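Each remark here refers to the structure printed beneath this line.
Chains as they are written, first to last, in my numbering: chain A, 146 to 254; chain B, 13 to 125.
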């Protein structure tokens, strides 16, 4: 099955910096989802995007559904140590999700 | 509290042995899913079920089997035919509506002895 192209694969940043990651696909999706996974746990939903062009915020997180419906980005502003984890994008068609390979975020205090 | 419960947290399998991973949800969700996660990779779909007594193969179903006899339960059996079973297994559920995101359990880590 197809996987989405998610970049960067990893980021090591200083606390307080802003973070940006994105996903691209050759296919169109009806919904884009962003999840965060911490070690030994399941992914937790951060943001869901349902319309092309939609820009949605959840605290310090902002995500956008690309106009072409083939991409999405996630921004984290003013990062803090508890932002550490792996962030996954997922595109949905019907009830099926296709996942990106993840972005591992490390934050230096 | 409503949620998805996976058990056990850690599981060890001997060569040639079948093992079953449990997934239970009390969210009244119609759809349930099983994913496999390998280190440094995203999630790959093994099996999914959109309604009781029905399930479909995902991208990597070979060596696995499932059942969906009850709405709240979707156990996954890793059979001896699965030659590389060591991975982190995640169960998810959703209402089944196209606008409904999937929510995940905390996973089961399976290792070979």
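All C-beta atoms, glycine included, are put in the ideal place defined by N, C-alpha and C. All of these numbers come straight from a predicted model, not from anything done at the bench.
Would you mind reading off the limits of the beta strand (DSSP E) that contains residue i?
| i | result |
| --- | --- |
| residue 124 (chain B) | 120 to 124 |
| residue 160 (chain A) | Neither: residue 160 (chain A) is in no beta strand (DSSP E) and is coded neither H nor E. |
| residue 36 (chain B) | 31 to 37 |
| residue 16 (chain B) | 16 to 19 |
| residue 66 (chain B) | 66 to 69 |
| residue 248 (chain A) | 248 to 253 |
| residue 129 (chain B) | For residue 129 (chain B) there is no data in the structure shown, the boundaries of chain B being 13 and 125. |
| residue 86 (chain B) | Here residue 86 (chain B) belongs to no beta strand (DSSP E), and DSSP marks it neither H nor E. |
| residue 49 (chain B) | 43 to 49 |
| residue 100 (chain B) | 99 to 106 |
| residue 76 (chain B) | 76 to 78 |
| residue 192 (chain A) | 189 to 194 |
Which residue or residues does DSSP assign as beta-bridge partners of residue i?
| i | result |
| --- | --- |
| residue 219 (chain A) | A:166, A:208 |
| residue 202 (chain A) | A:207 |
| residue 150 (chain A) | A:169 |
| residue 182 (chain A) | A:231 |
| residue 238 (chain A) | A:241 |
| residue 174 (chain A) | Answer is none; residue 174 (chain A) lacks a bridge partner. |
| residue 22 (chain B) | B:121 |
| residue 82 (chain B) | B:85 |
For the putative contact between residue i and residue j, defined by C-beta atoms under 8 Å, what is the C-beta separation to the nearest angstrom?
| i | j | result |
| --- | --- | --- |
| residue 119 (chain B) | residue 187 (chain A) | 5 Å |
| residue 88 (chain B) | residue 32 (chain B) | 7 Å |
| residue 201 (chain A) | residue 192 (chain A) | 5 Å |
| residue 94 (chain B) | residue 75 (chain B) | 3 Å |
| residue 60 (chain B) | residue 43 (chain B) | 7 Å |
| residue 38 (chain B) | residue 15 (chain B) | 7 Å |
| residue 227 (chain A) | residue 205 (chain A) | No, residue 227 (chain A) and residue 205 (chain A) are not in contact; Cβ-Cβ is about 11 Å, not under 8 Å. |
| residue 203 (chain A) | residue 163 (chain A) | 15 Å between Cβ atoms; not a contact. |
| residue 18 (chain B) | residue 35 (chain B) | 5 Å |
Looking at residue j and residue i, is the spacing between their C-beta atoms short of 8 Å?
| i | j | result |
| --- | --- | --- |
| residue 114 (chain B) | residue 242 (chain A) | yes |
| residue 194 (chain A) | residue 208 (chain A) | yes |
| residue 214 (chain A) | residue 173 (chain A) | yes |
| residue 160 (chain A) | residue 253 (chain A) | yes |
| residue 55 (chain B) | residue 210 (chain A) | no |
| residue 166 (chain A) | residue 155 (chain A) | no |
| residue 246 (chain A) | residue 183 (chain A) | no |
| residue 92 (chain B) | residue 28 (chain B) | yes |
Checking contacts by CB at 8 Å: is residue i closer than that to chain B?
| i | result |
| --- | --- |
| residue 198 (chain A) | no |
| residue 187 (chain A) | yes |
| residue 240 (chain A) | yes |
| residue 223 (chain A) | no |
| residue 190 (chain A) | yes |
| residue 232 (chain A) | no |
Are any of the Cβ atoms in chain A nearer than 8 Å to that of residue i?
| i | result |
| --- | --- |
| residue 93 (chain B) | no |
| residue 123 (chain B) | no |
| residue 113 (chain B) | yes |
| residue 75 (chain B) | no |
| residue 43 (chain B) | yes |
| residue 50 (chain B) | no |
| residue 85 (chain B) | no |
| residue 110 (chain B) | yes |
| residue 55 (chain B) | yes |
Of all the CB atoms in chain C, is at least one closer than 8 Å to the CB of residue i?
| i | result |
| --- | --- |
| residue 17 (chain B) | Going by chain labels, chain C is absent from the structure shown, which instead holds the protein chains A and B. |
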